[in-house]
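K.L.:
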Amino acid sequence: MDWDVDEAGLDEEFDEEFATLPKDEKLEIIREHVTSRMLAEIEPRVERVVAEIDDHFDGVEKNGWKGMVVTPSRESAAMYGKRLIGRRGEDAVEVLYTSTNDDPELLQQFHTDPGERDQIVRDFKKENEPKLLVVHNMLLTGFDAPILKTMYLDRELRDHALMQAIARTNRPADGKENGEIVDFQGVFENIDDALDYDTETKQYAAQDSERLFEKLRNQLDAVLDIFEGISREDSQEIVDECLDRVSTHPEKGQFKKGFRRLQDLYESASPDRRLVEEGIDEDYGWLGRIHTAFQRTNNRSDRPEDEMRAKTREIIEEHVDIGEVKQNYPVYELGEEYLDELDHLDSDATKASTIAHAIQESTQPRMGQNPRYERLSERVTDIVEEWEAGDRADPEAVEALRAVEEEVLAVEDEANERGMSDAEFAIFTDLTEERGIDISDDTAEELARAIVSEFDDRVDTSYDGWETTDKTVKEIELVLLDVLVKEYDRGELVTDEFIDAVHTYLIQNYVADER
C-alpha cells in the first residue's frame, strides 16, 4: 500500500502541539521518538540538506578537495544521491551501498558489484571524478584518501565509529590544515556522550568551528603584529615599508610561515559571514597585497596568484589589483637592461633582497658549470648573513651585491671575449684559479681547448642518458690521460680531484646546452 503523507502539514501540527515548549525540549522529544533514519528519509528535509551540501561543497571543490555524505540507510543514500547528481552531474557523484536482487527501483538505480565499487574508490582517490561519494555502511574504516576534506554526517555515530569518521577526513595532505565534518544529526552537540574517551583525546579528535575561527583571529593578529606601526593604507609606499620589515630574519621567516598558516585557516573557515562583519576579509586582503609583492621580490614568482588557493585568491583579487602589484614589483633579472626596473624601488632593503634572490637563482643551478659560480654564490650568502646580522647597512648590502652581480655577468662575457665555449672556459678557470699551480693563461687555454676537442671526438652525446653511463665516465678519464700525459706531459694535473671537476664541467655544460 502506498502512503501519501503530508510532511509539511505534520511539521505544522507538531509546531502547534508543542508551541509552548522551549526549543531544547522540542528537540528532546524529536530525539526520543524520531530516529536518524526516519529524519534522513523525509523528503522536505532531504531537499534542504542536499541544498546545504551542494552550496557548502562549492567551497571545498574550489580548493581541489573531495567530500563524502554518510547516511543512515540505503534509502536515504539513494535519495541524497539522486538529488546531488541532479545538481552536480552524473560524473561528479557516486552512491555506494550493498544491494540485493529484490531491491525497489529507488535502490536498484545505484546497484554496483564489488569490482565496480573498488574502481569507484580508486577513481575517488586518484582521478578528477567523482568528487563526492554518498555512502551507507561503507568506507568509514580502513579508507585512506588524503583528498577527502569534508564529511557530511547525517547518521548517528559513537565512540570508535565516530573516531574513525574523524580520522577519514584528517588524513594529512599538502595544503590541508584539517578535515571537517558538517554535522546534520547533532552528534557534535553532545560530543561527551558520543565519544567515550578522555577529555584530551576528544579535544584532539575534533574541534568546534568556533574554536577554528578563534585560531584564525589569533593567527591574523599574529601576522598583522609583524607590521605594527605601519599604516594599513593601500599604496606602494606602504608596501615598500612592509617589505623592508620582512626583508631580513627573523621577520622574513615569521611572515612566510605565518601567512602560510593563516591561509590554511582562512580556507578552512570560509565562507562565514563573520569574515566580513569582523573586518577579517579586509585585513586578509591587505596582507595578501604584501604577500603578493613579497612573492615577487623574494621568491621571484612570475604569477603569485597561481600559488594561492581558491578562496584566498578570490578575496585578494577583490582587495588587490594584482596586475598593479606585478607591475610595481617586477621579477628582476640580472643585467644592465633591468636596472630601471630595480631603481624605481625607494627601499634599499627591498633592492638588496631582490638582487640577492636574483643572483642565487642565476648561480645555484649553474654551480657545476663553472667554479666561479659556486664562489660567487657563497659570497652572496656571506653578504646577506652580514646584512641580516646588522653588520652591513642596507645601502652597503646593495653595493656589495651589485659588485657580485657584475662578476656573475662577467663569467659569460669573459668566455665570449676569449672565444671559448662554456665547457672550455670552465676548465680554463679551474686551471688558473682552483688548482694552485703555476700555469700561464695561454697554456691553460690551450689545455682546456684540447680536452674539450678530444671529448667532442670521442664521446657520443647524441642519445638520452649518455651523461650517466659508465662508458662516458671512463672515456672522460681516458681523454684527460691522453691530453695531459701523452700530448702535453702534464701528468701532475691528473688527480682524482681534477678528473672529477672536469667530468662535472663537461657534463653540466653539455646537458645545459641540450635544454
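The sequence shown begins at 351 in this note's numbering and counts up by one. Beta carbons are placed, not taken as given, at the ideal position from N, Cα and C, and that holds for glycine. Note that the structure is predicted; figures quoted are calculated from it, not measured.
(1) What's the gap between the Cα of S803 and the Cα of W816?
(2) What is the DSSP secondary structure of M717, reduced to helix, strand or coil?
(3) For M429, report the span of its alpha helix (DSSP H) as first-last.
(4) Determine the direct distance from the alpha carbon of E755 to that of A800, and round the result to whole angstroms.
(5) Return the residue from the list E506, I787 and D772 that minimises the CA-CA distance to M717.
(6) Could you tell me which residues DSSP puts in a beta bridge with A806?
(7) From the DSSP output, in three-state form, read off D533 for me.
(8) Excluding the five sequence neighbours on either side, which residues of its own chain have a C-beta within less than 7 Å of the C-beta of N540, listed in chain order?
(9) Out of R768, Y813 and S812, point me to the one whose CA is closest to D792's CA.
(10) Spatial neighbours of I709 within its chain, please: C-beta separation below 8 Å, excluding the five flanking residues on both sides.
(11) Determine which residues share a DSSP beta bridge with G417 and list them.
(12) How many Å lie between P422 and S712 at the Cα?
(13) Assuming Q719 and A572 are in contact, meaning their beta carbons sit under 8 Å apart, how far apart are those beta carbons, in whole angstroms?
(14) For the alpha helix (DSSP H) that contains L489, what are its first and last residues?
(15) Let me know the alpha helix (DSSP H) ranges lying completely inside the segment 800-863, each 4 residues or longer, listed in chain order.
(16) According to DSSP, is L446 part of a helix, a strand, or is it coil?
(17) Give the range of the alpha helix (DSSP H) segment to which A750 is assigned.
(18) Mapping the DSSP letters down to three states, classify D546 as helix, strand or coil.
(19) Sort I576, F778 and E583 by Cα distance to V761 and report the nearest one.
(20) Report the three-state DSSP secondary structure of H406 (helix, strand or coil).
(21) Could you say if the segment 419-435 and the segment 480-487 meet the contact criterion of at least three C-beta pairs nearer than 8 Å?
(22) Mapping DSSP to helix, strand and coil, what is L566?
(23) Compute the beta-carbon to beta-carbon distance between E825 and V835, rounded to the nearest angstrom, for a pair I have assumed lies under 8 Å.
(24) Using the Cβ count rule (16 or more neighbours within 10 Å means buried), how would you classify K821?
(25) Give the DSSP-derived three-state secondary structure of H641 in the structure shown.
(26) Contact check, Y447 vs M488 under 8 Å by CB: the rounded distance?
(27) Can the beta-carbon of K565 be found closer than 8 Å to that of F474?
(28) Checking 8 Å against the spacing of the C-beta atoms, do A794 and W737 come in under that value?
(29) What's the call for P745, buried or exposed, on a 16-neighbour Cβ count within 10 Å?
(30) Of the residues G465, D468 and D441, which one's Cα is nearest the Cα of N478?
(31) Could you please give the first and the last residue of the uninterrupted alpha helix (DSSP H) stretch that includes L625?
(32) Cα separation between N306 and E411?
(33) Can you give the Cα-Cα distance for P721 and A851, rounded to whole angstroms?
(34) Among the residues of its own chain, which have a CB less than 8 Å from the CB of E837, if the five just before and after it don't count?
(35) Going by alpha carbons, who is nearest to H641 out of V419, F605, R840 and E578?
(36) Which class does G579 belong to by DSSP, given the choice of helix, strand or coil?
P.N.:
Result, derived from the coordinates:
(1) Across the structure, S803 and W816 are spaced so that their CA atoms are roughly 18 Å apart.
(2) If DSSP states are grouped into helix, strand and coil, M717 belongs with the helices.
(3) Note, M429: alpha helix (DSSP H), R424 to R438.
(4) Taking the straight line from one Cα to the other gives about 31 Å.
(5) Minimum Cα distance to M717 is reached at D772.
(6) It is Asp, not Ala, that sits at residue 806 in the sequence shown. According to DSSP, residue pairing for D806 in a beta bridge does not occur.
(7) D533 carries a strand assignment under DSSP once its states are collapsed to helix, strand and coil.
(8) Low confidence applies to N540: its pLDDT is 48, below 50, so where it sits in the model is not reliable enough to give any reading.
(9) Answer by Cα proximity: R768.
(10) Result list for I709: L684, L726, S727, V730, L751, V754, E755 and V758, in chain order.
(11) Per DSSP, L482 and T500.
(12) Separation of P422 and S712 (C-alpha to C-alpha, rounded to the nearest whole angstrom) is 59 Å.
(13) Rounded to whole angstroms, the Cβ separation of Q719 and A572 is 43 Å, and the two are not in contact under 8 Å.
(14) It is not in any alpha helix (DSSP H) - L489 carries neither H nor E in the DSSP assignment.
(15) Listed in chain order, they are 820-830.
(16) In this structure, L446 counts as strand in the three-state DSSP scheme.
(17) Where A750 is concerned, the enclosing alpha helix (DSSP H) stretches over D744 to R768.
(18) Caution is warranted here: a pLDDT of 41 is assigned to D546, below 50, making its placement in the model unreliable, and no coordinate value can be reported.
(19) Checked all of I576, F778 and E583; the closest Cα to V761 is F778.
(20) If DSSP states are grouped into helix, strand and coil, H406 belongs with the helices.
(21) These segments touch.
(22) Three-state result, L566: helix.
(23) Cβ-Cβ separation between E825 and V835: approximately 16 Å, too far for a contact (criterion under 8 Å).
(24) Result: exposed.
(25) Assignment of H641 by DSSP, reduced to helix, strand and coil, places it in the helix class.
(26) Between Y447 and M488 a beta carbon distance of about 7 Å is seen, short of the 8 Å cut, so the two are scored as contacting.
(27) The criterion of a C-beta distance shorter than 8 Å is not satisfied by K565 and F474.
(28) Inclusion of A794 and W737 in the CB contact set at 8 Å is not warranted, their separation being larger than that value.
(29) Residue burial annotation: P745 is exposed, with fewer than 16 other C-beta atoms found within 10 angstroms of its C-beta.
(30) Of the residues G465, D468 and D441, the one whose Cα lies closest to the Cα of N478 is D441.
(31) It spans R624 to E627 - the alpha helix (DSSP H) in which L625 sits, taken as one unbroken run.
(32) Since the first and last residues shown for the chain are 351 and 865, residue 306 lies out of range.
(33) The alpha-carbon atoms of P721 and A851 are separated by roughly 9 Å.
(34) Closer than 8 Å at Cβ, skipping near neighbours: A800.
(35) F605 is the residue among V419, F605, R840 and E578 whose C-alpha sits nearest the C-alpha of H641.
(36) Looking at G579 - three-state DSSP - the assignment turns out to be coil, as it is neither helix nor strand.
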